[in-house]
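Position 252 (the sequence shown) corresponds to 348 in this note's numbering; numbering is contiguous. Below you'll find the structure, written out as structure tokens, and then a few comments.
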Amino acid sequence: MFGQLAILLAIAPGMATSVFPSLGLAIAAALLWGYPMLVGAFLGSLAFKLVQPDWPEDLTWPDKIIFSISMATITSLTVAFAYWSIRRFANFHSALTFEKSILWLFFLAGPLACLISSTFSTLVLYRYGIVTTHTAGLNWFTWWVGDMIGVMIAIPLVFMVFAKPRPLWRTRWLTVGLPLLVCTALVVALFVLARFQYNQSLQQRFFDQSEQISATFQFRVSKVLQQMHMLERLFATQPEVTEVMFQQFLQDYPWQEAGVLFFDWIEQVPHQQRASVEAQLHTSFKEYANPGVRLAAQRPHYSVIRYMASASGDKSLAGLDIAADPTRKEAMDYAIDSGSISITAPVRLVSGNAALMFFIPVYHKGIIPESVEDKRKQIRGFICGIFETEQLVQTSLSQYDTSEFHLQIRDLGTGLSYYGSVPDLPAQARYLTWTRHWSHAGRSLELQLVPSKSMLNLNSGQQSWYVLTGGLVLCSLLGIFLLVLTGRSARIEHLITQRTKELSSILDNAIESIVIVDQQGLIERINKETTLLFGYAMPALLRQPVSKLLACLPEHKNHQLLQPLTIEQLNLWVGHTVEVTGLGEDGQQIPLEMGLSRVDTADKHLYTLMLHDLRERKKIDRMKSEFISTVSHELRTPLTSINGSLGLLAGGVVGELPSAAQQLVQIAKTNTDRLVRLVNDILDIEKLEFGQLKLQPSEVEISALLQEAKLQNQAYADKYLVRLDLITSPDAMPVYLYQDKFRLLQILSNLISNAIKFSPSHSVVKLSYQVKEGQLVIQVKDQGAGIAESFRSKIFQKFAQADSSDSRSNQGSGLGLNISKTLVEMMQGTINFESEMGKGTCFSLTFPYYQQLSRHEKTPLQD
Numbered sequence: 097m098f099g100q101l102a103i104l105l106a107i108a109p110g111m112a113t114s115v116f117p118s119l120g121l122a123i124a125a126a127l128l129w130g131y132p133m134l135v136g137a138f139l140g141s142l143a144f145k146l147v148q149p150d151w152p153e154d155l156t157w158p159d160k161i162i163f164s165i166s167m168a169t170i171t172s173l174t175v176a177f178a179y180w181s182i183r184r185f186a187n188f189h190s191a192l193t194f195e196k197s198i199l200w201l202f203f204l205a206g207p208l209a210c211l212i213s214s215t216f217s218t219l220v221l222y223r224y225g226i227v228t229t230h231t232a233g234l235n236w237f238t239w240w241v242g243d244m245i246g247v248m249i250a251i252p253l254v255f256m257v258f259a260k261p262r263p264l265w266r267t268r269w270l271t272v273g274l275p276l277l278v279c280t281a282l283v284v285a286l287f288v289l290a291r292f293q294y295n296q297s298l299q300q301r302f303f304d305q306s307e308q309i310s311a312t313f314q315f316r317v318s319k320v321l322q323q324m325h326m327l328e329r330l331f332a333t334q335p336e337v338t339e340v341m342f343q344q345f346l347q348d349y350p351w352q353e354a355g356v357l358f359f360d361w362i363e364q365v366p367h368q369q370r371a372s373v374e375a376q377l378h379t380s381f382k383e384y385a386n387p388g389v390r391l392a393a394q395r396p397h398y399s400v401i402r403y404m405a406s407a408s409g410d411k412s413l414a415g416l417d418i419a420a421d422p423t424r425k426e427a428m429d430y431a432i433d434s435g436s437i438s439i440t441a442p443v444r445l446v447s448g449n450a451a452l453m454f455f456i457p458v459y460h461k462g463i464i465p466e467s468v469e470d471k472r473k474q475i476r477g478f479i480c481g482i483f484e485t486e487q488l489v490q491t492s493l494s495q496y497d498t499s500e501f502h503l504q505i506r507d508l509g510t511g512l513s514y515y516g517s518v519p520d521l522p523a524q525a526r527y528l529t530w531t532r533h534w535s536h537a538g539r540s541l542e543l544q545l546v547p548s549k550s551m552l553n554l555n556s557g558q559q560s561w562y563v564l565t566g567g568l569v570l571c572s573l574l575g576i577f578l579l580v581l582t583g584r585s586a587r588i589e590h591l592i593t594q595r596t597k598e599l600s601s602i603l604d605n606a607i608e609s610i611v612i613v614d615q616q617g618l619i620e621r622i623n624k625e626t627t628l629l630f631g632y633a634m635p636a637l638l639r640q641p642v643s644k645l646l647a648c649l650p651e652h653k654n655h656q657l658l659q660p661l662t663i664e665q666l667n668l669w670v671g672h673t674v675e676v677t678g679l680g681e682d683g684q685q686i687p688l689e690m691g692l693s694r695v696d697t698a699d700k701h702l703y704t705l706m707l708h709d710l711r712e713r714k715k716i717d718r719m720k721s722e723f724i725s726t727v728s729h730e731l732r733t734p735l736t737s738i739n740g741s742l743g744l745l746a747g748g749v750v751g752e753l754p755s756a757a758q759q760l761v762q763i764a765k766t767n768t769d770r771l772v773r774l775v776n777d778i779l780d781i782e783k784l785e786f787g788q789l790k791l792q793p794s795e796v797e798i799s800a801l802l803q804e805a806k807l808q809n810q811a812y813a814d815k816y817l818v819r820l821d822l823i824t825s826p827d828a829m830p831v832y833l834y835q836d837k838f839r840l841l842q843i844l845s846n847l848i849s850n851a852i853k854f855s856p857s858h859s860v861v862k863l864s865y866q867v868k869e870g871q872l873v874i875q876v877k878d879q880g881a882g883i884a885e886s887f888r889s890k891i892f893q894k895f896a897q898a899d900s901s902d903s904r905s906n907q908g909s910g911l912g913l914n915i916s917k918t919l920v921e922m923m924q925g926t927i928n929f930e931s932e933m934g935k936g937t938c939f940s941l942t943f944p945y946y947q948q949l950s951r952h953e954k955t956p957l958q959d
């Protein structure tokens, strides 16, 4: 059925159809249901070939069957190759969601597989003489193009009806199927309209030419008949016309141009006058012998040729009894009875050539009698015009190109042809058949013209075929493009669905509270942990302002986290971790740690809040602080007593101790000092955390400060064989700070002791200062191993200590740098460092500095 429909798009006179979907249907069926579909492809192709109407006339039924089986086998072979190659190379799956798979499928099933069908089919057509050497190339190309386009259009449509998964292919009806069908329908409709208009134009031109040819032929015949009527008038007005008069009347007649062989005067002779007329003609009466002539038999009346005129002057048929032939006698009897001109059915001349003869009756006295009986009695003879049909037609059509058409002139009464024959046209060209019926001289004639094969080839409408082919190629490419897009979209949608499920699973099973807020500050989604944390049911929180859960921010104590919502407020907290207070359903305040991130979508911003309950941590911190405070205070008094007693013993208050005892007392004194420092550090940390440490600023000269710090740590440096250098300029102006001197010395001691601990023996620790852009920068630089990259982010944390193989680097509490950083920030300063592995580390303290004005008025130094 689809094959027959495709043939309707073919251009006359061949089989150049732009789309042949049957092969695409067969390949699609094989891809969906496997090799058993090859049987269906074979049977369908066989049936299509057997029922086609345009078989060559010389093919017998055995040839037709073998031909059909051959074509069906080629179809099955093409389908099998397409199925195997797609399964082998295209990574085929019926969902068709991967670009590479789609492109490979259409390449293998389209251009590649169709080479098999077009090539072998053209060879079969050539074998049976349906195509020639000259037309085989064009037939191969059109066959290949038609099959290829049919494959690329049919496969997507079949898959949309039958392929799985059905939900995916159902959605593709709107995105792929409908555009493909509409585009194909529009292209076919435009082609049909264009071809219809072209065919109408071609038909009009051919019919106009046919009308001209018919008019020209009839005009030629009428000119000849006009001459015959003039002869009839000659005989009607002259009682006696001699042969000389007859010849003179026709001596200047254009025989060749008119296409006339003879003009004859046929005289009615009764049997009684036969002998005298034969004597006058010097010949006996003759009649047709088929072939040739013979002596005429005896009859009551004879209609013999008395005078003959022709271009050659041939008079050999004088005395021929025309009425002896039934066909000629029928025309003559009609002329007698009607009193008008008559024409014979197609006849053969004595020479064997096809001819037609006109007869005009001549009556005695030149008057046509009224009754038939009187006409038969008073008939004198006939003016006869003999035309060789081919010569008459060729001379009539001399101004036309007869290679463009076939002409047939046929007698409808007998069904015989006066001239020519018309071949059977292909079904697509039969609309160009022109037919006219012409009733003349007692006969009904039919003039029929059809275009020749050369004319059909020249006017086959190849332009519209190219337009159709180009349009269908674009449609098929559109279908492939839409398949690729929808496949990618389906793949992305599947991935999104999968990721959504994964994220939903993570969200629902997270042990932390997660709240998703839109750009208006309304809660879009929460997880189960949020309901447990705040005590609300999930529906009670959705589309509620986030301020219902979050009561404040740590800096502004503002419970409106995102209300009123502005981009500035959102961006302020994006990427940071802050502490906020949550409000439970029972009004309980919940300390929370919040991490805020933003996701920008096409139409809105979403904010994800990760909330961590700090109640347990706060409780533990409080317990730890209480424990440390208790232990520190409880340890400080006995340690002070022990340290004092050990100092007295080491000082010889109770007498000089033995050297072994002196060494043990010194070790105890050293460790007691360390314990005192640790307790003091812990107490300082506690004071800093709770804001209980008060600074006592005073005027401090920096050079003297650094000198004092050097002296305090010189003994420690000597212990580790490290030299302390204070770098100053002799002519430098004094530089002052208005800060707490004791805390500055504490900070410098922490930095210098760390530098000594991490410096190799016989190295140098440098102390220096300089003024930069209104700021005082104090530097402590060592020549140690440097700080590892992994430890740099943790260096200012509590109890943080870098790993080191040197045991002396472990003789600290890990609190010094944390305390130093806190103290520096309390003094409105900054602390940072630069370190290079293998070369050392430089710590920098930056403070605003002052000129020395008075003891009671301090102003910053202006540049």
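Beta carbons are placed, not taken as given, at the ideal position from N, Cα and C, and that holds for glycine.
Exposed unless 16 or more other CB atoms sit within 10 angstroms - verdict on residue i
| i | result |
| --- | --- |
| W361 | buried |
| V750 | exposed |
| L941 | buried |
| V135 | exposed |
| G130 | exposed |
| Q792 | exposed |
| R316 | buried |
| F454 | buried |
| K260 | exposed |
| S693 | exposed |
| L823 | Looking at the sequence provided, one finds Ile at residue 823 rather than Leu. It counts as exposed. |
| P252 | buried |
| E353 | exposed |
| A405 | buried |
| P650 | Here the model assigns P650 a pLDDT of 43, short of 50, so the residue's position is not dependable, and the following value carries that caveat. The residue is exposed, with fewer than 16 neighbouring Cβ atoms inside 10 Å. |
| G538 | buried |
| M133 | buried |
Terminal residues of the alpha helix (DSSP H) in which residue i lies
| i | result |
| --- | --- |
| A431 | P422 to S434 |
| H325 | L274 to T333 |
| T627 | K624 to F630 |
Spatial distance of residue i from residue j (CA atoms)
| i | j | result |
| --- | --- | --- |
| V356 | I456 | 16 Å |
| I778 | A764 | 21 Å |
| P275 | F116 | 20 Å |
| L737 | T768 | Reading the sequence as shown, one finds Ser at residue 737 and not Leu. The alpha-carbon atoms of S737 and T768 are separated by roughly 10 Å. |
| Y812 | N739 | 19 Å |
| K917 | S855 | 22 Å |
| T766 | E722 | 28 Å |
| F255 | S601 | 35 Å |
| I123 | G225 | 29 Å |
| F188 | A884 | 54 Å |
| P442 | E383 | 18 Å |
| P465 | N449 | 36 Å |
Chain C within 8 Å of residue i, Cβ atoms only
| i | result |
| --- | --- |
| T193 | Of the chains in the structure shown, none is chain C; there is only one protein chain. |
Residues that residue i bridges to, as DSSP identifies them
| i | result |
| --- | --- |
| A371 | Note: A371 sits in no beta bridge, so no partner. |
| H397 | P366 |
| Y384 | V389 |
N- and C-terminal bounds of the beta strand (DSSP E) containing residue i
| i | result |
| --- | --- |
| I456 | A450 to Y459 |
| T531 | W530 to H536 |
| I612 | S609 to D614 |
| E675 | T673 to L679 |
| E363 | F358 to P366 |
| K877 | Q871 to K877 |
| Q524 | Element bounds for Q524: n/a, residue is neither H nor E. |
Distance between beta carbons of residue j and residue i, contact taken as under 8 Å
| i | j | result |
| --- | --- | --- |
| M244 | G575 | That belief does not hold up - the Cβ atoms of M244 and G575 are roughly 13 Å apart, past 8 Å. |
| F483 | L545 | Going by Cβ atoms, the distance from F483 to L545 rounds to 20 Å, so no, they are not a contact pair. |
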